[in-house]
Ligand SMILES: *Cc1c(COP(=O)(O)O)cnc(C)c1O
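In structure tokens:
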């Protein structure tokens, strides 16, 4: 019999729709894709040049497992400047993307049966990464009234003697919500009271559209910092999803465990990509501002358009590049005899009948919602939203 643990891992529920959208595109059908989870921009030129230079300089051998010293120092500098976090290079582990950092983090934290609290809606990979690492995901529903941000009271209600950690993601995928200092302080207080660890996924920190600052929960005090593993990376900020560079910052003992594990699994992250990440972190940041400005325009358009359609509702996203839309008013309606009973039906019909791809909320533990990514051009977003509006007008 093949591995039970791995057989218990669900394939991404979004995959079926995504595969169908790709197949339709291949057949020449003009599909508008609100499904994607990566920036549509090219990696900025100075970052690509750093990688070319790394190849020319023969920076093509193994680096230290946790990343080359220069890059880990640059990450420490970044954490200090941006997040008021003081880490030493030996407390940083560079991995093959933030997803790999998350996997290393849970591998370092969990013993079999340890529970990890995941606020729903959640990023699709969290429960599966926890299961792979012998943990038990405990999904805790959050309330739309609190903009889907988990409260200390909600966490307290889910605690058991096995609770080991909480995963936080601010700015949030899929909701776009950003936690305030106050909200994080309450969670930190509770975590300290119960000796919990926090895994803080901060991959969207640079994509916040309002005045609200990004706050890392680890920055709230020395005590909570020792209980937190901060996860970040270059994928979303610098349009570098394919380069596969993420990193974690943690206490030296935790970082050591992560690095030991990685030494036998993958060794160092790609040396050339490390040089590219170094250029991204140390180089000019105006490229980030430019991409953010483009995202902000699209976000404003999307929110205003969604609010103008009476059957739809959304909470304004403050960060990341997604709008989470309540489609439950459409349940029970039908398109030429085909009934919509849930967000999966809505997504399937919308793709087939209006050639618009989006992700049903079931994937994120929020069945009344769909996620629309605005990592596509404004023109495409406008065309896509008009198709959605027309599709809804045709429902009985
Ligand atoms: C994209 C994403 C990641 C993973 O990023 P990589 O560095 O490309 O592995 C992690 N967390 C969330 C919430 C994401 O959306």
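Numbering (our numbering), first residue to last: 8 to 403. Ideal Cβ placement from N, Cα and C applies to all residues, glycine included. The structure presented is a predicted model; accordingly, all values stated were derived computationally and were not measured.
- In the DSSP secondary-structure assignment, residue 144 is bridged to 123.
- For residue 378, the enclosing beta strand (DSSP E) has its first and last residue at 376-380.
- The beta-carbon distance between residue 385 and residue 304, rounded to whole angstroms, is 6 Å. This is short enough to meet the 8 Å contact definition.
- Relative to the non-hydrogen atoms of ligand 1, the Cβ of residue 140 never comes closer than 7 Å to any of them.
- Within the DSSP bridge table, the entry for residue 235 names 205 as partners.
- Between residue 256 and residue 133, the CB-CB gap reaches or exceeds 8 Å.
- In the DSSP annotation of this structure, the continuous segment of the beta strand (DSSP E) that includes residue 171 starts and ends at 170-176.
- When rounded, the separation of the alpha-carbon atoms in residue 323 and residue 86 is 28 Å.
- Relative to ligand 1, the beta carbon of residue 99 is positioned no closer than 7 Å to any heavy atom.
- Distances between the C-beta of residue 372 and the heavy atoms of ligand 1 are all 7 Å or more.
- Exclusion of residue 224 from the 7 Å shell around ligand 1 follows from its C-beta lying no nearer than that to any non-hydrogen atom of the ligand.
- Counting the other CB atoms within 10 Å of its CB gives residue 210 a total of 16 or more, which places it among the buried residues.
- With respect to residue 155, residue 137 sits apart: the two C-beta atoms are not nearer than 8 Å.
- Annotation for residue 329: the continuous beta strand (DSSP E) segment containing it runs 329-333.
- Assignment of residue 76 by DSSP, reduced to helix, strand and coil, places it in the helix class.
- Residue 261 sits buried, since 16 or more C-beta atoms from the chains shown fall within 10 Å of its C-beta.
- Nearest to residue 27 by alpha-carbon distance, out of 401, 382, 360, 380, is 360.
- Excluding sequence positions up to five before and after residue 403, its CB lies within less than 7 Å of the CB of 340, 341, all in the same chain and listed in chain order.
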